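Asker:
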Amino acid sequence: MSSPAVGDHGDSTHRSAESGSVGVTVNGQRREVPAGGSAHDLVVALGLVGRPLAVEVNGRVVPRARLADCMLEAESVIEIVTLVGGG
Amino acid sequence: MADAFSGIVSPAAMPMTPDQAIADRPLQVAGITLSSRLVVGTGKYATMAGMVRCLEASGTDCVTVAVRRERLVTAAGEKILDFLDPARFTLLPNTAGCFNADDAVRVARLGRELLRDLGNPGSEWVKLEVLGDPRTLLPDPVGTLEATARLVEDGFAVLVYTSDDPVVARRLKAAGAASVMPAGSPIGSGQGILNPNNLRICLEELKGNDPDYPVIVDAGVGTASDVAAAMELGVDGVLLNTAIARAAEPERMAHAMRAACFAGRQAYLAGRIPRRLYATASSPEEGVIGRVPRSSGGNPASSPEEGVIGRVPRGSAPLPGQAGE
Numbered sequence: 000m001s002s003p004a005v006g007d008h009g010d011s012t013h014r015s016a017e018s019g020s021v022g023v024t025v026n027g028q029r030r031e032v033p034a035g036g037s038a039h040d041l042v043v044a045l046g047l048v049g050r051p052l053a054v055e056v057n058g059r060v061v062p063r064a065r066l067a068d069c070m071l072e073a074e075s076v077i078e079i080v081t082l083v084g085g086g
Numbered sequence: 000m001a002d003a004f005s006g007i008v009s010p011a012a013m014p015m016t017p018d019q020a021i022a023d024r025p026l027q028v029a030g031i032t033l034s035s036r037l038v039v040g041t042g043k044y045a046t047m048a049g050m051v052r053c054l055e056a057s058g059t060d061c062v063t064v065a066v067r068r069e070r071l072v073t074a075a076g077e078k079i080l081d082f083l084d085p086a087r088f089t090l091l092p093n094t095a096g097c098f099n100a101d102d103a104v105r106v107a108r109l110g111r112e113l114l115r116d117l118g119n120p121g122s123e124w125v126k127l128e129v130l131g132d133p134r135t136l137l138p139d140p141v142g143t144l145e146a147t148a149r150l151v152e153d154g155f156a157v158l159v160y161t162s163d164d165p166v167v168a169r170r171l172k173a174a175g176a177a178s179v180m181p182a183g184s185p186i187g188s189g190q191g192i193l194n195p196n197n198l199r200i201c202l203e204e205l206k207g208n209d210p211d212y213p214v215i216v217d218a219g220v221g222t223a224s225d226v227a228a229a230m231e232l233g234v235d236g237v238l239l240n241t242a243i244a245r246a247a248e249p250e251r252m253a254h255a256m257r258a259a260c261f262a263g264r265q266a267y268l269a270g271r272i273p274r275r276l277y278a279t280a281s282s283p284e285e286g287v288i289g290r291v292p293r294s295s296g297g298n299p300a301s302s303p304e305e306g307v308i309g310r311v312p313r314g315s316a317p318l319p320g321q322a323g324e
């Protein structure tokens, strides 16, 4: 990963012992994110800034303008999607 | 894009010389005017550049796109929006791959968020697919109807993929679908229009008291004649993807689809002749050499020519050299 702030262990038994992080699921994968971080922080940490994205947290779309206000809590389920070719 | 009320087709829909005889009203869906009656998918192309050439060749101004998870490891892939100008193409996000109404509603909302602020006329549109079976990709009519109602309630213009079942089509329109899009045959199968009679009944159900209601055949096209056949039935447009993207020469096939769509639409508007069991000669039946003139006096007979006693009935012994077409 481009940032140490977001782990990609894929296995909760290897969860970081570092205090102040919470486990979330991003696009079906387990990840550790800093406690108190926002959905926007996650997008930055994943290196996705500037790409056309839509973000859903716990089943609700978070409008782009409000990503920074959306704090991620433990066990949040996040989907980050984009447009691809399709019929 | 043609003005909605100009009554003149735009160049995109018109591969031949402009002429009043081929004038047509443009297709309107959910208040948006489309200059082409082809909606073309953007999947399965070998390259993005090749895809764009095919879209241009097809004449379409409305393309479907899919909503998929961003790849978190290698996000530096090509971005389709770098190749599709939202001002040039109305982008129609689909819910392909969804097998229940909940997922389809979520994907539709994510698609709307993706298109927000792009200035794209289709930002409130969704091509709704709720699939019922992974092998046939046939729609789940119950989930499709439920998702249609929920998305209409949420402000979407729902263009809904369905089977060619006329009763389901009627229910989807009643639920508020902006366009009902019956399949010609299974998605990507290339089997063409399997049941034109069902499509005819769908058209009666959907357009009988509402002739401007848009009905678009979605899926199953294999080649250009399938598009022409669909358009000749009186549908308002055809949505296709695989038949172009996977043709041996996709750009040439895209051009063929454009011509077929135009030809089928014009043939529908022109009104075909009825089918007959027997031939009707196109050349004059009078004046064929070597034949005794039917009337030697010059005045057309005012009494019936048939049934005169002492004459061999016509039809019982064919004359030599009978004219064909």
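For the protein sequence lines, the chains are P and S, in the order given.
Residue 0 is where the first sequence starts when you use numbering that gives the first Met the number 0, and the numbers rise one by one after that.
Residue 0 is where the second sequence starts when you use numbering that gives the first Met the number 0, and the numbers rise one by one after that.
Glycine included, each C-beta is placed from N, C-alpha and C at the ideal position.
Here the structure is a predicted model, which means the values were calculated and not measured.
1. So which of S:183, S:215, S:185 has the shortest CA-CA distance to residue 176 of chain S?
2. Assess contact between the region 160 to 168 of chain S and the region 191 to 204 of chain S, defined as three or more Cβ pairs (one per stretch) separated by less than 8 angstroms. Is contact present?
3. Please report whether the beta-carbon of residue 29 of chain P lies at a distance below 8 angstroms from any beta-carbon of chain S.
4. Which residues in the same chain as residue 283 of chain S place their Cβ atom closer than 7 angstroms to its Cβ, once the five residues preceding and following it in sequence are excluded?
5. Touching or not, the region 82 to 96 of chain S and the region 109 to 117 of chain S, by the rule of three or more beta carbon pairs under 8 angstroms?
6. Give a yes or no on whether the C-beta atoms belonging to residue 160 of chain S and residue 217 of chain S are separated by under 8 angstroms.
7. Given a cut-off of 8 angstroms on the beta-carbon distance, is the pair residue 71 of chain P and residue 36 of chain P in contact?
8. Restricting to Cα atoms, I'd like to know which of S:210, S:238, S:213, S:212 is closest to residue 223 of chain S.
9. Run through the DSSP bridge pairs and tell me what residue 126 of chain S is partnered with.
10. In the region 14 to 55 of chain S, which residue ranges form an unbroken beta strand (DSSP E) of at least 3 residues, counting only runs that do not cross its ends?
11. Going by the CB atoms, is the gap between residue 84 of chain P and residue 50 of chain S shorter than 8 angstroms?
12. Tell me the rounded alpha-carbon separation between residue 286 of chain S and residue 262 of chain S.
13. Can you tell me which of the three DSSP states residue 52 of chain P falls into?
14. Is it a yes or a no for the region 29 to 42 of chain S touching the region 228 to 237 of chain S, going by three-plus beta-carbon pairs under 8 angstroms?
15. Which term fits residue 279 of chain S, buried or exposed, when burial requires 16 or more other beta carbons within 10 angstroms of its beta carbon?
16. Going along chain S in order, which residues have a C-beta closer than 7 angstroms to the C-beta of residue 85 of chain P?
17. Are the C-beta atoms of residue 69 of chain S and some chain P residue less than 8 angstroms apart?
18. Looking at the C-beta of residue 60 of chain P, does it have a partner C-beta in chain S at a distance below 8 angstroms?
19. Between residue 21 of chain P and chain S, is there a C-beta pair that is closer than 8 angstroms?
20. Return yes when the Cβ of residue 64 of chain S is within less than 8 angstroms of the Cβ of residue 54 of chain S, no when it is not.
21. Any idea if residue 208 of chain S is buried or exposed, counting beta-carbon neighbours within 10 angstroms, 16 or more meaning buried?
22. Does the separation of the CB atoms of residue 41 of chain P and residue 25 of chain P fall below 8 angstroms?
23. 8 angstroms is my cut-off, CB to CB: does residue 77 of chain P come that close to chain S?
24. Counting pairs of Cβ atoms below 8 angstroms between the region 118 to 126 of chain S and the region 181 to 191 of chain S, do you hit three or more?
25. Taking only three categories from DSSP, how would you classify residue 73 of chain P?
26. With the cut-off set at 8 angstroms, would you say residue 80 of chain P and residue 69 of chain P are in Cβ contact?
27. Could you please give the first and the last residue of the uninterrupted beta strand (DSSP E) stretch that includes residue 192 of chain S?
28. Counting only beta-carbon separations shorter than 8 angstroms, does residue 80 of chain P have a partner in chain S?
29. Should residue 191 of chain S and residue 219 of chain S be called a contact, given that it needs their Cβ atoms to be closer than 8 angstroms?
30. Name the chain S residues that come within less than 9 angstroms of residue 63 of chain P, Cβ to Cβ?
31. Who are the neighbours of residue 50 of chain S on chain P, taking C-beta pairs under 8 angstroms?
32. Taking the continuous alpha helix (DSSP H) assigned at residue 241 of chain S, which residues delimit it?
33. How many Å lie between residue 84 of chain S and residue 272 of chain S at the Cα?
34. Which residues in the same chain have their Cβ closer than 7 angstroms to the Cβ of residue 250 of chain S, if we skip the five residues on either side of it in sequence?
35. Nearest chain P C-beta to residue 240 of chain S closer than 8 angstroms, yes or no?
36. Answer yes or no: do residue 259 of chain S and residue 42 of chain S have a C-beta to C-beta separation smaller than 8 angstroms?
Answerer: In brief:
1. In the second sequence, counting from the first residue as 1, residue 176 of chain S sits at position 177. Closest by alpha carbon: S:215.
2. Between the region 160 to 168 of chain S and the region 191 to 204 of chain S, the count of Cβ pairs shorter than 8 angstroms is three or higher; the stretches touch.
3. Along the first sequence, one-based indexing puts residue 29 of chain P at 30. Cβ-Cβ to chain S under 8 angstroms: no for residue 29 of chain P.
4. The residue given as residue 283 of chain S occupies position 284 in the second sequence. Apart from sequence neighbours up to five positions away, no residue of its chain approaches residue 283 of chain S with a beta-carbon distance below 7 angstroms.
5. Segments in contact, yes.
6. Locating residue 160 of chain S in the second sequence gives position 161, counting from the first residue. Locating residue 217 of chain S in the second sequence gives position 218, counting from the first residue. Taking 8 angstroms as the Cβ cut-off, residue 160 of chain S and residue 217 of chain S qualify as a contacting pair.
7. Looking up residue 71 of chain P in the first sequence gives position 72. Looking up residue 36 of chain P in the first sequence gives position 37. At a Cβ-Cβ threshold of 8 angstroms, residue 71 of chain P and residue 36 of chain P count as neighbours.
8. Taking the first residue of the second sequence as position 1, residue 223 of chain S is located at position 224. The shortest C-alpha separation from residue 223 of chain S is found at S:238.
9. Taking the second sequence and counting its residues from 1, one reaches residue 126 of chain S at position 127. According to DSSP, which records beta bridges pairwise, residue 126 of chain S is partnered with S:93, S:158.
10. Segments of the beta strand (DSSP E) lying fully in the region 14 to 55 of chain S: 26 to 28, 31 to 33, 37 to 40.
11. Here residue 50 of chain S corresponds to residue number 51 of the second sequence, with the count starting at 1. Here residue 84 of chain P corresponds to residue number 85 of the first sequence, with the count starting at 1. The answer is yes: Cβ separation under 8 angstroms.
12. Taking the second sequence and counting its residues from 1, the one referred to as residue 286 of chain S is at position 287. Taking the second sequence and counting its residues from 1, the one referred to as residue 262 of chain S is at position 263. If I take the Cα positions, the gap works out to 36 angstroms.
13. For the purposes of this step, residue 52 of chain P is taken as residue 53 along the first sequence, with counting starting at 1. In this structure, residue 52 of chain P counts as coil in the three-state DSSP scheme.
14. In short, these stretches touch, since the Cβ pair count reaches three.
15. Counted from its first residue, the second sequence places residue 279 of chain S at position 280. By the 10 Å Cβ count, residue 279 of chain S comes out exposed.
16. Here residue 85 of chain P is taken as the residue at index 86 of the first sequence, counted from 1. Around residue 85 of chain P, the beta-carbon contacts reaching into chain S at under 7 angstroms are 40, 41, 42, 63, 64, 65, 93, 95.
17. Stepping through the second sequence from its first residue, residue 69 of chain S is reached at position 70. The beta-carbon of residue 69 of chain S is placed less than 8 angstroms from the nearest beta-carbon of chain P.
18. In the first sequence, the residue the question calls residue 60 of chain P occupies position 61. By this cut-off, residue 60 of chain P is an interface position.
19. Taking the first residue of the first sequence as position 1, residue 21 of chain P is located at position 22. Not one chain S Cβ lies under 8 angstroms of residue 21 of chain P.
20. Walking along the second sequence from the start, residue 54 of chain S turns up at place 55. Walking along the second sequence from the start, residue 64 of chain S turns up at place 65. Judged by their CB atoms, residue 54 of chain S and residue 64 of chain S are not nearer to each other than the 8 angstroms cut-off.
21. Taking the first residue of the second sequence as 1, we reach residue 208 of chain S at position 209. Residue burial annotation: residue 208 of chain S is exposed, with fewer than 16 other C-beta atoms found within 10 angstroms of its C-beta.
22. For the purposes of this step, residue 41 of chain P is taken as the residue at position 42 of the first sequence. For the purposes of this step, residue 25 of chain P is taken as the residue at position 26 of the first sequence. Their beta carbons are under 8 angstroms apart, which means residue 41 of chain P touches residue 25 of chain P by this criterion.
23. Position 78 of the first sequence holds residue 77 of chain P. Under the 8 angstroms criterion on CB atoms, residue 77 of chain P is classed as non-interfacial with respect to chain S.
24. Between the region 118 to 126 of chain S and the region 181 to 191 of chain S, the count of C-beta pairs closer than 8 angstroms stays below three; the two stretches do not touch.
25. Position 74 of the first sequence, counted from the start, is the residue given in the question as residue 73 of chain P. Coil, per DSSP.
26. Start at 1 with the first residue of the first sequence, and residue 80 of chain P comes out as number 81. Start at 1 with the first residue of the first sequence, and residue 69 of chain P comes out as number 70. No; because the gap between Cβ atoms is not below 8 angstroms, this pair is not in contact.
27. Taking the second sequence and counting its residues from 1, the one referred to as residue 192 of chain S is at position 193. No residue range can be given for residue 192 of chain S, since it is assigned to no beta strand (DSSP E) and is classified by DSSP as neither H nor E.
28. Start at 1 with the first residue of the first sequence, and residue 80 of chain P comes out as number 81. Taking 8 angstroms as the CB threshold, residue 80 of chain P lines the interface with chain S.
29. Reading the second sequence from its first residue, position 192 is the one you call residue 191 of chain S. Reading the second sequence from its first residue, position 220 is the one you call residue 219 of chain S. In contact: residue 191 of chain S and residue 219 of chain S (Cβ atoms closer than 8 angstroms).
30. Along the first sequence, read from residue 1 onward, the residue named residue 63 of chain P stands at position 64. Neighbours of residue 63 of chain P on chain S, chain order: 112, 115, 116.
31. Within the second sequence, the letter at position 51 stands for residue 50 of chain S. Correct list: 84.
32. By 1-based counting over the second sequence, the position of residue 241 of chain S is 242. That run of the alpha helix (DSSP H) goes 241 to 244.
33. If you number the second sequence from 1, residue 84 of chain S lands on position 85. If you number the second sequence from 1, residue 272 of chain S lands on position 273. Each residue's alpha carbon lies about 42 angstroms from the other.
34. As a position in the second sequence, residue 250 of chain S is number 251, starting the count at 1. Cβ contact annotation for residue 250 of chain S (same chain, cutoff 7 angstroms, sequence separation greater than five): 52, 53, 56, in chain order.
35. Here residue 240 of chain S refers to the residue found at position 241 when the second sequence is read from its first residue. The C-beta of residue 240 of chain S comes closer than 8 angstroms to at least one C-beta of chain P.
36. Against the second sequence, residue 259 of chain S aligns to sequence position 260. Against the second sequence, residue 42 of chain S aligns to sequence position 43. No, Cβ-Cβ distance for residue 259 of chain S and residue 42 of chain S is not below 8 angstroms.
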